[in-house]
Structures are given as structure tokens and as C-alpha cells.
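Under our numbering, residues -18 to 73 are what the sequence shown spells out, in order. The C-beta atom is built at its ideal place from N, Cα and C for all residues, glycine as well. See below for the structure under consideration.
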Amino acid sequence: MYISALAIKFEQTTVTAPANTSFQIKFENKDAGTPHNVALYQGSPTGAQLFVGQTFNGVETRTYTVPPLDAGAYAFVCTIHPSTMVGTLNAQ
């Protein structure tokens, strides 16, 4: 799965991942000198935090390995910019 950040927002607002198996997120930070990451939360950004990827400055790409998630909807959020960088991950 691929997620990218540009202009302090995610370019994808909805992504899909396999349920009940670990998977990888290729995260491309296109914002030069600006730190971003990807974190996953149960249901919504105020839900339980399930995964936090390493924060890094752009322009750079990192690959995160995420543990298995049950089928359902999860929020993905940049913990540095949570008000502008949020999306939905559907595990199915």
C-alpha cells in the first residue's frame, strides 16, 4: 500500500489493506524539511492507537511494517499534523 504527503496533507484519503495479516505501508514524504509519519487508530483519530511509524523529514520514503488488523475501518493520521493529515484505512 502507498500513502504520500504533500503540502501538509495526505494525497490519499482512503486506502485498503488486507485484514488479519501483516502488511507494509510505503510512505513518501514529499514535503522538503517537514516531518511527517503515519499512525493507525481504531475507528477514528480519537480511538486506540494501534501503530505509529517513525517520523522523518521529507523529501524521503520509508516502508513501515504493520501488524495484522481485524477487518474494519481505521484512521490513519500524521501525529505531527493531526488536524490536517487524516484518512481512512479499510482492512478487508
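message: Output needed for Pro48: all residues of its chain with C-beta closer than 6 angstroms, excluding positions within five of it in sequence on either side, in chain order.
response: As a first step, residue 48 is located in the sequence shown; it is residue number 67 there, counting from the start. Counting only Cβ-Cβ distances below 6 angstroms, and skipping sequence neighbours, we find Ser3.
task: Kindly indicate which residue of Ala0, Lys(-10) and Ser25 has the alpha-carbon position closest to the one of Glu9.
output: Counted from its first residue, the sequence shown places residue 9 at position 28. Nearest of Ala0, Lys(-10) and Ser25 to Glu9, Cα basis: Lys(-10).
Integer Cβ distance of Pro16 from Ile61, believed to fall under 8 angstroms: As a working note, residue 16 is residue 35 in the sequence shown. As a working note, residue 61 is residue 80 in the sequence shown. Between Ile61 and Pro16 the Cβ distance is about 5 angstroms, and since that is below 8 angstroms, they are a contact.
query: For the beta strand (DSSP E) that contains Asn1, what are its first and last residues?
result: In the sequence shown, the residue the question calls residue 1 occupies position 20. Taken as a continuous stretch (DSSP letters only), Asn1 belongs to no beta strand (DSSP E), as it is neither H nor E.
- request: Can you have a look at Tyr55 and say buried or exposed, based on whether 16 or more other CB atoms are within 10 angstroms of its CB?
  value: The count along the sequence shown starts at 1 and reaches residue 55 at position 74. It counts as buried.
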